[in-house]
Amino acid sequence: MGAGIVLHLKMTINDVLNRSTFSKAKVAAGSKGLNRLVKWVHVMEVAQIGNLLNGNELILSTGMAWKDNEKAFLSFVLELIELNVSGLCIELGTQLSAVPASVLEAAENHGFPIILFEEEVRFIDITQELHTYLIQQHYKMITELESFSQALNQLLLSSNPQENILKLLHHSVKMQVVFIQSQKNVALFPAVDSPEQEEWLDFIEKNKESSSVVRQPIQALDHQFAELILCSKDQPITDLHVLLADRTATAIANQLLREMYTAEKKKAEENSWMQEWLEGRHRDEEIEKHLVYLGMKGRHQGASVFCVEFENGEAGFSETQYPYIQIVFRSIFEPLGFYILPYAKSDHLIFILINLRDAASYKERVRKGIHLARENQNLPLLFMAVGKWISRLSALDKSYDTAQKALIFQTKLAKGKISPLYDDLHMYRLISMIPDKHELVDFIQDYLRPVIQYDAKNNTRLLTTLKVFLMCNGSKQETAGHLFIVRQTLYHRIKQLEELLGKDFMEPGKRQALEFAAMAHEYMEL
Numbered sequence: 001m002g003a004g005i006v007l008h009l010k011m012t013i014n015d016v017l018n019r020s021t022f023s024k025a026k027v028a029a030g031s032k033g034l035n036r037l038v039k040w041v042h043v044m045e046v047a048q049i050g051n052l053l054n055g056n057e058l059i060l061s062t063g064m065a066w067k068d069n070e071k072a073f074l075s076f077v078l079e080l081i082e083l084n085v086s087g088l089c090i091e092l093g094t095q096l097s098a099v100p101a102s103v104l105e106a107a108e109n110h111g112f113p114i115i116l117f118e119e120e121v122r123f124i125d126i127t128q129e130l131h132t133y134l135i136q137q138h139y140k141m142i143t144e145l146e147s148f149s150q151a152l153n154q155l156l157l158s159s160n161p162q163e164n165i166l167k168l169l170h171h172s173v174k175m176q177v178v179f180i181q182s183q184k185n186v187a188l189f190p191a192v193d194s195p196e197q198e199e200w201l202d203f204i205e206k207n208k209e210s211s212s213v214v215r216q217p218i219q220a221l222d223h224q225f226a227e228l229i230l231c232s233k234d235q236p237i238t239d240l241h242v243l244l245a246d247r248t249a250t251a252i253a254n255q256l257l258r259e260m261y262t263a264e265k266k267k268a269e270e271n272s273w274m275q276e277w278l279e280g281r282h283r284d285e286e287i288e289k290h291l292v293y294l295g296m297k298g299r300h301q302g303a304s305v306f307c308v309e310f311e312n313g314e315a316g317f318s319e320t321q322y323p324y325i326q327i328v329f330r331s332i333f334e335p336l337g338f339y340i341l342p343y344a345k346s347d348h349l350i351f352i353l354i355n356l357r358d359a360a361s362y363k364e365r366v367r368k369g370i371h372l373a374r375e376n377q378n379l380p381l382l383f384m385a386v387g388k389w390i391s392r393l394s395a396l397d398k399s400y401d402t403a404q405k406a407l408i409f410q411t412k413l414a415k416g417k418i419s420p421l422y423d424d425l426h427m428y429r430l431i432s433m434i435p436d437k438h439e440l441v442d443f444i445q446d447y448l449r450p451v452i453q454y455d456a457k458n459n460t461r462l463l464t465t466l467k468v469f470l471m472c473n474g475s476k477q478e479t480a481g482h483l484f485i486v487r488q489t490l491y492h493r494i495k496q497l498e499e500l501l502g503k504d505f506m507e508p509g510k511r512q513a514l515e516f517a518a519m520a521h522e523y524m525e526l
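Counted from 1, the sequence shown has number 444 at position 444 by full-length UniProt numbering; the numbering is strictly sequential.
And the structure:
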């Protein structure tokens with residue numbers, strides 16, 4: 001990629017003045033703005049601009065619209081300046097003999113070039129010449145972009161793609177290139193010493209919205225991994241700079257994604273050791289050494305097992321998507337203070353969540369991660385369950401066992417509406433530990449038989465009403481809302497429940513037994 005790429009692909013007022021059609025033109029004011037970019041040339045003979053301009057136009061005019069009105073002339077020029085117009089060319093003699101001093105003074109103060117033709121010129125020749133040049137430059141830009149993209153693709157296959165790509169970008173634009181992955185990981189091309197690096201970072205912060213800086217996020221999987229910045233103190237950012245930065249950002253994102261994918265595959269090769277760990281066959285000392293080998297930093301505060309399973313009917317998703325899902329989950333949970341170790345089985349994915357922050361906020365952070373995963377549009381529909389939190393890593397088999405139980409509850413019970421955390425399952429945990437299921441069935445029949453029989457005979461949903469009423473702590477308004485029925489209908493159903501279960505069914509002791517029986521009934525339906 002040649003060093004002169006940018007010089008060929010922009011046109012400034014200075015470039016315009018060097019064209020043959022401007023050989024007899026002179027700059028009357030605003031000489032400080034001769035480096036302004038020109039994107040188009042426009043003939044304008046009206047005083048009201050409205051929405052006619054987009055910015056960076058060079059205006060050609062005879063002054064006919066404001067030849068006898070200095071105030072309108074000044075207002076016109078100030079509006080051009082506000083709209084970021086590149087400059088104004090005026091033909092003197094035909095309509096206008098001179099430019100008022102107030103107009104020249106305003107243009108000079110704003111660095112807005114006013115160029116005068118003191119003899120008649122053909123605007124059609126000017127527009128044709130400059131537009132032809134601009135179109136040729138646009139074609140060159142497309143050609144240069146294609147060459148740049150090909151060079152990027154070649155560098156993606158090199159031994160150090162990221163650094164080589166950033167060097168290529170700097171070589172192409174001749175500007176300062178800044179690559180930020182975190183506050184502590186900042187790289188500049190060309191490299192500078194620490195004081196100068198701080199100067200550039202301060203310049204970027206102070207010029208966020210100016211034409212001296214372009215910021216391009218490095219994104220993949222709806223997550224920003226880094227930021228690419230171009231900045232210059234002596235030349236404005238052009239459309240080409242933005243396009244080159246965009247192509248570069250895409251190439252780096254692909255490279256980062258490939259690195260993450262390779263890393264995930266390498267980690268998946270540790271499945272054998274992981275399986276032994278999940279079975280409780282490793283001691284704490286072995287586990288600690290292995291985690292150091294894997295690169296975990298910091299002291300842990302316990303861990304838990306997180307199981308993930310595809311929901312039924314997720315067409316197009318299979319085990320081949322596991323590395324992709326692992327990348328997404330890592331990008332979600334690592335910022336929340338967890339070290340993630342994935343392990344893939346044929347029917348579900350397992351993540352070992354090693355807690356690196358205080359144990360008190362563990363549940364809140366896990367819940368937040370699950371919420372973010374559910375909101376991620378790039379993930380398939382997933383059942384998610386988290387096992388019991390354990391303080392000793394050698395006891396991970398207990399967390400895995402409880403995670404599997406919680407996953408069964410998620411996939412079969414209430415269609416994922418109960419908590420995905422085993423520690424939050426409360427009564428369901430107690431029910432699952434009862435060894436004699438016949439006694440459980442007898443208990444259900446003792447308390448719920450009248451309602452179950454009534455529903456079967458009359459095709460009603462009194463049992464559902466009872467469960468929701470209990471869940472809502474007897475709140476009629478909340479229960480009616482959950483069931484999508486009017487309160488009058490609910491009152492009728494409650495009266496039926498009183499007839500079947502007794503008017504005392506909401507008394508503390510009986511209510512607790514009914515809640516347990518209702519949960520046990522759902523459990524036995526699994």
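Virtual Cβ for every residue (Gly too), placed ideally from N, Cα, C. A quick note: this is a predicted structure, and the numbers were derived from the prediction, not measured.
### Message
Less than 7 Å separating the Cβ of S159 from some heavy atom of the ligand MG?
### Response
Absent from the structure shown: the ligand MG. Ligands present: none.
### C-beta atoms of E498 and F505 nearer than 8 Å
yes
### Query
What is the DSSP secondary structure of L53, counted as helix, strand or coil?
coil
### Query
Going by C-alpha distance, which of C472, R281, L514 and G502 is nearest K398?
R281
### Message
For a test of the three-state rule: what should DSSP assign to A520, helix, strand or coil?
### Response
helix
### Query
If you run the structure through DSSP and keep just helix, strand and coil, what is R215?
strand
### Message
Please report the distance separating the alpha-carbon of N56 from that of K10.
### Response
12 Å
### Message
What does the Cβ neighbour count give for K405, buried or exposed, with the cut at 16 atoms within 10 Å?
### Response
buried
### 7 Å CB neighbourhood of I81 in its chain, flanking five on each side removed
H110 and F112
### Range of the contiguous alpha helix (DSSP H) that encloses H223
Where H223 is concerned, there is no enclosing alpha helix (DSSP H), although the beta strand (DSSP E) it sits in stretches over H223 to C231.
### Query
Helix or strand or just coil, what does DSSP make of N378?
coil
### Query
What is the C-beta distance between K388 and T411, in whole angstroms, given that I count them as a contact (C-beta under 8 Å)?
Not confirmed; about 18 Å, so no contact.
### Query
Buried or exposed: where does P508 fall if 16 or more other Cβ atoms within 10 Å of its Cβ makes it buried?
exposed
### Message
So, for N14: in the same chain, excluding its five sequence neighbours on each side, which residues have a beta-carbon less than 8 Å away from its beta-carbon?
### Response
L34 and N35
### Among E364, F310, G369 and S331, the one whose alpha carbon lies nearest that of S346
F310
### Task
Look at the alpha carbon of Q150 and the alpha carbon of R247, and state the distance between them as a whole number of angstroms.
11 Å
### Query
Does DSSP put I180 in a helix, a strand or coil?
strand
#### Entry: 4-residue-minimum alpha helix (DSSP H) runs that sit fully inside the segment 25-109, ordered along the chain
70-82 and 101-109
### Task
Using 10 angstroms around the beta-carbon of M64, count the other beta-carbons present and answer buried if the total reaches 16, otherwise exposed.
exposed
### Query
With a cut-off of 8 Å, do at least 3 Cβ pairs link the segment 441-459 to the segment 514-525?
yes
### Query
So, using beta-carbon positions, are V386 and S304 closer together than 8 Å?
yes
### Task
Check each candidate in V77, A220 and L52 and name the one with the smallest Cα separation from R258.
A220
### Buried versus exposed, by CB contacts within 10 Å (16 or more), A315
With a pLDDT of 46 at A315, under the threshold of 50, the predicted position of this residue should be treated as unreliable, and no value is reported.
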